[in-house]
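Presented below is the structure to which this report refers.
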Amino acid sequence: MPELPEVETSRRGIDPHICGRSILEVRVRQPQLRWPVSPEIINGLTGQRFLRTDRRGKYLLLYTESGCVILHLGMSGSVRIVDNSQEPRKHDHVDFVFSDGVILRYHDPRRFGCILWSKFPVEEHELLRDLGPEPLSDAFGADYLYERSRGRKTPIKSFIMDSHVVVGVGNIYANESLFMAGIRPQAAAGSVSRARYQALTGHIKAVIARAIEVGGTTLRDFVGGDGKPGYFQQSLLVYGRGGEPCKSCGSLLKEIRQNQRASVYCPSCQR
DNA sequence: AAATCTCCCTGTAGGC
DNA sequence: TGCCTACAGGGAGATT
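Shown next as C-alpha cells:
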C-alpha cells in the first residue's frame with residue numbers, strides 16, 4: 028500500500044518527465060475509480076502543460092495553468108513513466124499522453140484511488156481543506172499532538188491515523204512508530220503524556236524521512252519499470268509479525284483489530 | 001463533537 | 001489441481 032514516502036517518491040520520479048511537456052490527450056480506459064475520473068481531465072487538458080507537482084498528505088497535485096489534478100493512489104495504485112510503444116496492461120486505467128511519446132500511466136487494481144480536477148486554489152478543495160499538518164513539518168510535534176489529544180478517549184493509534192490530526196501516517200507506520208515509542212495502540216490519546224508524544228513524533232518523523240531517502244535511491248524504477256519504490260526493502264519491527272517474537276525482548280507480539288485494521292504490539296515493551 | 005460503522009474493489013491466501 | 005470463500009485496507013461519508 029502506498030504510504031506517504033511512496034507518494035513523495037512517485038512525485039519526484041514523475042516530475043521531471045511531465046513538467047513542461049504538452050498534453051496531447053488523456054486516455055481513460057476505466058473511469059470508475061473511488062469517484063469517477065473528472066470530466067474536465069478527460070476532455071479539458073489537451074494543449075495544456077503541467078507546470079509543477081506537489082503533494083499534500085498522500086494526494087499528488089499536478090498543476091496546469093488553469094487548475095490542478097488531484098491524484099490519490101489508494102491502496103494499490105501506482106504511476107510510472109512509459110513510452111508510447113508499451114501496451115497498457117491489466118488495470119492500467121488512465122494515460123496522460125505527452126509530446127515526444129512520453130506517457131504518465133496510472134495503474135490501480137483495486138481502484139480505491141482517484142483522479143480529480145480542481146480549480147484554484149486547490150488547498151480549498153474539500154478533500155484537502157481540513158487535513159492536518161504534514162508529519163515532517165515544524166507544525167507537527169509533541170506540543171501539537173498533546174494539545175489536540177486532550178479530552179480524546181479514542182485509541183492513540185486511531186488518533187495518529189486520523190488525517191484531520193496529521194496526514195500520511197498509515198497503518199504500517201502507526202504500528203511501527205508506536206512500538207518504537209513504547210506506547211500501546213489501545214491507550215487513550217488524551218491520557219498520553221507530553222514526553223511520550225515527544226518520543227512518538229520523533230519516531231514518526233524519522234521513519235517517514237528515512238523511507239523517503241530510501242525511496243529516492245530507486246527513482247529509476249519509475250521509468251519503464253514497475254513503478255514500485257523501495258520501501259518494501261525496509262525491515263518491519265511489528266507490522267505483519269503478530270505471534271512472532273519481539274525483536275527487542277523476545278515476547279510474542281499480539282495482534283488485535285482496531286477500526287477494522289490490524290494492530291500489532293509487544294505486550295512487554297509497549298505500555 | 002466524537003466515536004463507530006459501512007462501503008468501494010480485486011489479488012491473495014487458506015480450506016477442502 | 002482447482003474452485004470457493006474470507007479477508008485486507010485508505011479514507012470519505014453515514015450513522016450512532
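So for the first sequence, this note's numbering puts the first residue at 28; every next one is plus one.
Glycine residues also receive a C-beta, built at the ideal position from the N, C-alpha and C atoms.
Applying the criterion that 16 or more other CB atoms from any shown protein chain within 10 Å of the CB defines a buried residue, is residue i buried or exposed?
| i | result |
| --- | --- |
| Asp110 | exposed |
| Glu35 | buried |
| Ser105 | buried |
| Leu227 | buried |
| Glu30 | buried |
| Ala236 | exposed |
| Gln178 | Here residue 178 turns out to be Gly, not Gln, going by the sequence shown. Flag for Gly178 reads exposed. |
| Phe147 | exposed |
| Gln297 | buried |
| Ser37 | buried |
| Asn313 | Because residue 313 is not part of the residues shown, which for the chain are 28 to 298, the question remains open. |
| Gly270 | exposed |
| Pro212 | buried |
| Asp119 | buried |
| Ala11 | Absent from the structure is residue 11, since the part of the chain shown begins at 28 and ends at 298. |
| Asp127 | exposed |
| His44 | buried |
| Arg107 | buried |
| Phe259 | Bear in mind that the predicted position of Phe259 carries a pLDDT of just 47, short of 50, making it unreliable; the figure below should be weighed with that in mind. Flag for Phe259 reads exposed. |
If residue i sits next to residue j, beta carbons under 8 Å apart, how far is it from one beta carbon to the other, in whole angstroms?
| i | j | result |
| --- | --- | --- |
| Gly195 | Lys85 | 6 Å |
| Ser204 | Ile231 | 5 Å |
| Val124 | Arg54 | 6 Å |
| Asp165 | His191 | In fact, because the Cβ distance is near 19 Å, the residues do not count as touching under 8 Å. |
| Ser278 | Ser290 | Their Cβ separation, rounded to whole angstroms, is 16 Å, which puts Ser278 and Ser290 out of contact at 8 Å. |
With a Cβ-Cβ cutoff of 8 Å, do residue i and residue j count as a contact?
| i | j | result |
| --- | --- | --- |
| Gly197 | Phe139 | no |
| Ile239 | Pro32 | yes |
| Val64 | Val121 | yes |
| Leu155 | Arg83 | yes |
| Lys281 | Tyr266 | no |
| Cys95 | Ser176 | no |
| Thr91 | Asp42 | no |
| Pro58 | Ser103 | no |
| Val149 | Leu88 | yes |
| Phe206 | Leu264 | yes |
| Gly159 | Val193 | yes |
| Pro115 | Arg56 | yes |
| Ile97 | His134 | no |
Contiguous alpha helix (DSSP H) assignments of at least 4 residues, all confined to the stretch 90-135: Those alpha helix (DSSP H) runs which fall completely within the stretch 90-135 and span 4+ residues do not exist here.
Count the C-beta pairs between the stretch 157-173 and the stretch 210-230 that are closer than 8 Å, then say yes if the count reaches three, no if not. Result yes; three or more Cβ-Cβ pairs closer than 8 Å.
In the stretch 38-97, which residue ranges form an unbroken beta strand (DSSP E) of at least 3 residues, counting only runs that do not cross its ends? Taking only runs of at least 3 residues, the beta strand (DSSP E) segments lying wholly in the stretch 38-97 are 50-55, 79-83 and 86-90.
Is it a yes or a no for the stretch 141-158 touching the stretch 169-188, going by three-plus beta-carbon pairs under 8 Å? Counting Cβ pairs under 8 Å, fewer than three are found: no touch.
Touch check for the stretch 74-91 and the stretch 42-59: three-plus C-beta pairs under 8 Å? The stretch 74-91 vs the stretch 42-59: in contact.
Could I get the ranges of all uninterrupted alpha helix (DSSP H) runs contained in the stretch 160-233, with 4 residues as the minimum, in chain order? Complete alpha helix (DSSP H) runs here, min 4: 169-176, 183-188 and 198-208.
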